[in-house]
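Student: My structure is below; once you've seen it, I'll send some questions.
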Amino acid sequence: MRQYDLAPLYRNTVGFDRLFSMLDQLVSVDAAPSYPPYNIERTGENAYRISIAVAGFTDRDLTIEVKENTLSVRGERKPDEERKVDVLHQGIAARSFDRRFQLADGVQVTGAALENGLLHLDLVREIPEAKKPKLIPISSNGTRTIEAKQAA
Numbered sequence: 001m002r003q004y005d006l007a008p009l010y011r012n013t014v015g016f017d018r019l020f021s022m023l024d025q026l027v028s029v030d031a032a033p034s035y036p037p038y039n040i041e042r043t044g045e046n047a048y049r050i051s052i053a054v055a056g057f058t059d060r061d062l063t064i065e066v067k068e069n070t071l072s073v074r075g076e077r078k079p080d081e082e083r084k085v086d087v088l089h090q091g092i093a094a095r096s097f098d099r100r101f102q103l104a105d106g107v108q109v110t111g112a113a114l115e116n117g118l119l120h121l122d123l124v125r126e127i128p129e130a131k132k133p134k135l136i137p138i139s140s141n142g143t144r145t146i147e148a149k150q151a152a
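Structure (structure tokens):
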């Protein structure tokens, strides 16, 4: 795959560093982690749910953090000292992970739940009043809703 160098763009622009960081992430898709697997679902017009498979992790092993439009989910299993088991085959991954999601402006995390080995993160997109569509009334029969001032 080709490697793109965005360094010249960093030198010639101011205030676009977040945009170029996102472009860097998109270009380096091959380096994206694949563990743990996840689903992203639309649950409503402005509601979403991220479900992450975290089998073997408890709520004490997981950390969820939102910082600057980046949602980070970290998992780190604490060693279980009292349970010594001779594992003949280990097919269930229990390695630490750090999964990151870029959130669009206005997207907020509203809740998290751990059930049946899945971590569910509920998100909602809150659109500010200024950006919501407005209906403009149309005047008819020659009436004017805005009166113009006459020059003196």
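If you read the sequence shown in UniProt numbering, its first letter stands for residue 1, the second for the next number, and so on.
Note that beta-carbon positions come from the ideal geometry of N, C-alpha and C, so glycine has one too.
Compare the Cα-Cα distances from Y35 to each of V87, E129, I92 and report the closest residue.
Tutor: Reading the sequence shown from its first residue, position 35 is the one you call residue 35. Closest option to Y35, Cα to Cα, is I92.
Student: Within the present structure, is the beta-carbon of A47 separated from the nearest heavy atom of the ligand COA by less than 7 angstroms?
Tutor: As far as ligands go, the structure on display features none, and thus does not contain the ligand COA.
Student: Nearest-angstrom Cα distance between R125 and A47?
Tutor: To locate residue 125, count along the sequence shown from 1; it is residue 125. To locate residue 47, count along the sequence shown from 1; it is residue 47. Answer to the nearest angstrom: the Cα atoms are 6 angstroms apart.
Student: When burial is assigned at 16 or more other CB atoms within 10 Å of the CB, is residue 154 buried or exposed?
Tutor: Residue 154 is absent from the model: the chain starts at 1 and stops at 152.
Student: Mapping the DSSP letters down to three states, classify K67 as helix, strand or coil.
Tutor: Mapped onto the sequence shown, residue 67 falls at position 67. Residue state, collapsed to three classes: strand.
Student: Compare the C-beta of Q90 with all C-beta atoms of chain B and state if any pair is closer than 8 angstroms.
Tutor: Absent from the structure is chain B; it holds one protein chain and no more.
Student: Of the residues A130, D105, N141, which one's Cα is nearest the Cα of N69?
Tutor: As a working mapping, residue 69 is identified with position 69 in the sequence shown. Closest option to N69, Cα to Cα, is D105.
Student: Expressed to the nearest angstrom, what Euclidean distance is found between the alpha-carbon atoms of G117 and T110?
Tutor: Numbered from 1 along the sequence shown, position 117 holds the residue referred to as residue 117. Numbered from 1 along the sequence shown, position 110 holds the residue referred to as residue 110. Distance between the alpha carbons of G117 and T110 is about 20 angstroms.
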